[in-house]
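Numbering (our numbering), first residue to last: 68 to 367. These notes are about the structure you will find just below.
Laid out in structure tokens, this is it:
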């Protein structure tokens with residue numbers, strides 16, 4: 068019987084495609100992954116890996132073995148979740164990597180991390196900017212908070228809420244220039260609206276809405292953003308008025324193999340709680356929440 072830790076390395080290599088991604092997903096180092104895979108490869112009757120250039124490719128047998136390990140992991144996760152719920156047991160210490168856009172980290176998540184730490188002492192939460200190179204698909208990110216629903220990959224996705232985006236400027240100014248997101252975001256409704264409003268390319272492009280907001284504060288230019296970044300009660304206004312705002316859906320996503328993971332469940336519940344709390348607290352809600360659904364018992 069192969070060592071289970073060795074099989075987990077094979078499983079994550081199959082998911083993440085590289086030893087680096089497998090090491091990140093397993094919270095270990097590349098040398099450990101490499102050593103375990105070499106041992107697995109030498110112990111079995113048929114090879115599971117073939118050397119290809121600077122990397123390794125799974126053989127047909129290796130892919131079958133990785134799939135079998137994944138099925139076993141799913142069953143173990145489900146059994147653990149059922150046992151803990153039945154016995155109201157404590158979860159063993161776990162680490163969870165959460166990826167989110169900068170604007171959601173700075174304006175939403177960061178305000179509730181103390182509450183999370185108090186309510187879920189068994190989870191070590193790491194929150195990374197969405198610009199981080201990892202992803203849910205390769206196993207280096209456990210949960211992703213996204214402003215667009217992903218269309219690829221084996222992910223469980225559910226709408227968590229909605230934020231309002233638009234074109235904003237400082238009160239008392241009449242901007243003739245504007246700041247937009249990078250060109251890969253030109254398809255977004257707020258970017259299209261800004262092109263129509265000004266009839267020209269943005270004077271400046273930036274990768275984050277938080278960065279745009281800081282630049283709007285120091286110039287007389289308009290900028291793309293979300294409503295919570297530009298409170299009208301302070302010094303900003305919505306160009307085009309309320310009707311010009313756009314609803315942007317916020318999605319929670321995690322790999323379908325984590326459906327029975329109790330730590331993932333609790334992180335997702337915390338995020339949904341943030342959305343509901345913000346909606347209740349805001350006189351002009353930037354966030355609109357969806358009815359709570361069981362992300363773990365429904366098909367994606």
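Ideal Cβ positions, reconstructed from N, Cα and C, are used throughout, including at glycine.
Is residue 23 helix, strand or coil when you go by DSSP?
Given that the chain is displayed from residue 68 to residue 367, the structure contains no residue 23 and the question cannot be resolved.
Just verifying my parser: in three-state terms, what is the DSSP assignment at residue 124?
For the purposes of this step, residue 124 is identified with residue 57 of the chain shown, where counting begins at 1. When secondary structure is reduced to three states using DSSP, residue 124 falls in the strand class.
So, using beta-carbon positions, are residue 207 and residue 317 closer together than 7 Å?
By one-based count along the chain shown, residue 207 stands at place 140. By one-based count along the chain shown, residue 317 stands at place 250. No, the pair does not count as a contact, with Cβ atoms beyond the cut-off.
In angstroms, rounded to a whole number, what distance separates the CA positions of residue 365 and residue 325?
Mapped onto the chain shown, residue 365 falls at position 298. Mapped onto the chain shown, residue 325 falls at position 258. Caution applies to residue 365, whose pLDDT of 49 falls short of 50 and renders its modelled position unreliable; the value that the coordinates give is listed next. Cα to Cα, the separation comes out at about 13 Å.
Could you tell me how far apart the beta carbons of residue 231 and residue 169 are, in whole angstroms, since I believe they sit closer than 8 Å?
For the purposes of this step, residue 231 is taken as residue 164 along the chain shown, with counting starting at 1. For the purposes of this step, residue 169 is taken as residue 102 along the chain shown, with counting starting at 1. Contact flag wrong, Cβ pair sits at about 17 Å.
Can you tell which of 120, 99, 129 and 96 has the C-alpha that lies nearest to the C-alpha of residue 108?
Residue 108 sits at position 41 when you count from the first residue of the chain shown. Among 120, 99, 129 and 96, the Cα nearest to that of residue 108 belongs to 129.
Helix, strand or coil: which one does DSSP assign to residue 87?
Locating residue 87 in the chain shown gives position 20, counting from the first residue. If DSSP states are grouped into helix, strand and coil, residue 87 belongs with the helices.
Assuming residue 290 and residue 245 make a contact with CB atoms under 8 Å, what is their CB distance in whole Å?
The residue labelled residue 290 in the question sits at position 223 within the chain shown. The residue labelled residue 245 in the question sits at position 178 within the chain shown. The C-beta distance from residue 290 to residue 245 rounds to 6 Å, short enough to meet the 8 Å contact threshold.
Identify, in the order they occur along the chain, each residue of the same chain with its Cβ nearer than 6 Å to the Cβ of residue 164, setting aside the five sequence neighbours on each side.
Looking up residue 164 in the chain shown gives position 97. Counting only Cβ-Cβ distances below 6 Å, and skipping sequence neighbours, we find 193, 208 and 209.
In terms of alpha-carbon separation, which member of 222, 183, 84 and 73 lies closest to residue 322?
For the purposes of this step, residue 322 is taken as the residue at position 255 of the chain shown. For residue 322, the closest C-alpha among the options 222, 183, 84 and 73 is that of 222.
Less than 6 Å between C-beta atoms, sequence neighbours within five positions excluded: which residues of the same chain meet that for residue 275?
Position 208 of the chain shown holds residue 275. Here the set comprises 169.
Pick from 281, 114, 181 and 264 that is closest to residue 127, judged by C-alpha positions:
Here residue 127 corresponds to residue number 60 of the chain shown, with the count starting at 1. Residue 114 is the option with its Cα nearest to residue 127.
Nearest residue (CA-CA) to residue 166, options 196, 81, 183 and 266
Walking along the chain shown from the start, residue 166 turns up at place 99. Out of 196, 81, 183 and 266, 196 has the C-alpha closest to the C-alpha of residue 166.
Mind checking which residues open and close the beta strand (DSSP E) that includes residue 327?
Here the question's residue 327 lines up with position 260 in the chain shown. In the DSSP assignment, residue 327 falls outside any beta strand (DSSP E) and carries neither an H nor an E.
Would residue 341 and residue 175 be called neighbours here (beta carbons separated by less than 7 Å)?
The residue you call residue 341 lines up with position 274 of the chain shown. The residue you call residue 175 lines up with position 108 of the chain shown. It is a contact, given that the beta carbons lie within the stated cut-off.
Would residue 136 and residue 78 be called neighbours here (beta carbons separated by less than 7 Å)?
Here the question's residue 136 lines up with position 69 in the chain shown. Here the question's residue 78 lines up with position 11 in the chain shown. Annotated as proximal: residue 136 and residue 78, with beta-carbon spacing under 7 Å.
Am I right that residue 146 and residue 233 are in contact with their C-beta atoms under 8 Å? What's the rounded C-beta distance?
Reading the chain shown from its first residue, position 79 is the one you call residue 146. Reading the chain shown from its first residue, position 166 is the one you call residue 233. 48 Å between Cβ atoms; not a contact.
Would you tell me roughly how many angstroms separate the C-alpha atoms of residue 334 and residue 202, rounded to the nearest one?
Here residue 334 refers to the residue found at position 267 when the chain shown is read from its first residue. Here residue 202 refers to the residue found at position 135 when the chain shown is read from its first residue. About 17 Å.
Could you check where the alpha helix (DSSP H) with residue 181 kicks off and where it finishes?
Your numbering for residue 181 matches position 114 in the chain shown. Element bounds for residue 181: 180-186.
Ignore the nearest five residues each way along the sequence and tell me which others in residue 80's own chain have a CB closer than 6 Å to its CB.
As a first step, residue 80 must be located in the chain shown, where it is residue number 13. 89.
Sequence-distant residues of the same chain with beta carbon closer than 8 Å to residue 173, five excluded per side
The count along the chain shown starts at 1 and reaches residue 173 at position 106. Residues 277 of the same chain have their beta carbon placed closer than 8 Å to that of residue 173, with the five preceding and five following residues left out of the count.
Would you decide whether residue 267 is buried or exposed? Buried here means 16 or more other CB atoms lie within 10 Å of its CB.
Translated into positions along the chain shown, residue 267 becomes position 200. Around the Cβ of residue 267, a 10 Å sphere holds fewer than 16 other Cβ atoms; the residue is exposed.
Is it buried or exposed, residue 225, if we count other Cβ atoms within 10 angstroms and call 16 or more buried?
Counted from its first residue, the chain shown places residue 225 at position 158. Result: buried.
Secondary structure at residue 73, three-state DSSP: helix, strand or coil?
In the chain shown, counting from the first residue as 1, residue 73 sits at position 6. Helix, per DSSP.
When you compare each of 217, 309, 235 and 125 to residue 282 by their alpha carbons, which one comes out closest?
Here the question's residue 282 lines up with position 215 in the chain shown. Nearest C-alpha to residue 282: 235.
So is residue 227 buried or exposed if we call it buried at 16+ other beta carbons inside 10 Å?
Here the question's residue 227 lines up with position 160 in the chain shown. Residue 227 should be labelled buried.
Any chance you could list the beta strand (DSSP E) runs of at least 3 consecutive residues sitting entirely within the stretch 232-293, in chain order?
For the stretch 232-293, whole beta strand (DSSP E) runs of length 3 or above, ordered along the chain, are 245-248, 271-273 and 289-293.
With DSSP as the reference, identify every bridge partner of residue 119, one or two as the case may be.
Position 52 of the chain shown, counting from 1, holds the residue named residue 119. Bridge partners of residue 119: 122.
Could you tell me the boundaries of the beta strand (DSSP E) in which residue 296 lies?
In the chain shown, residue 296 corresponds to position 229, counting from 1. DSSP places residue 296 in no beta strand (DSSP E); its state is neither H nor E.
So, at 7 Å on beta carbons, what are the nonlocal neighbours of residue 96 in its own chain, with the 5 sequence-adjacent residues on each side left out?
Residue numbering aside, residue 96 sits at position 29 when the chain shown is read from its first letter. These residues qualify, in order along the chain: 90.
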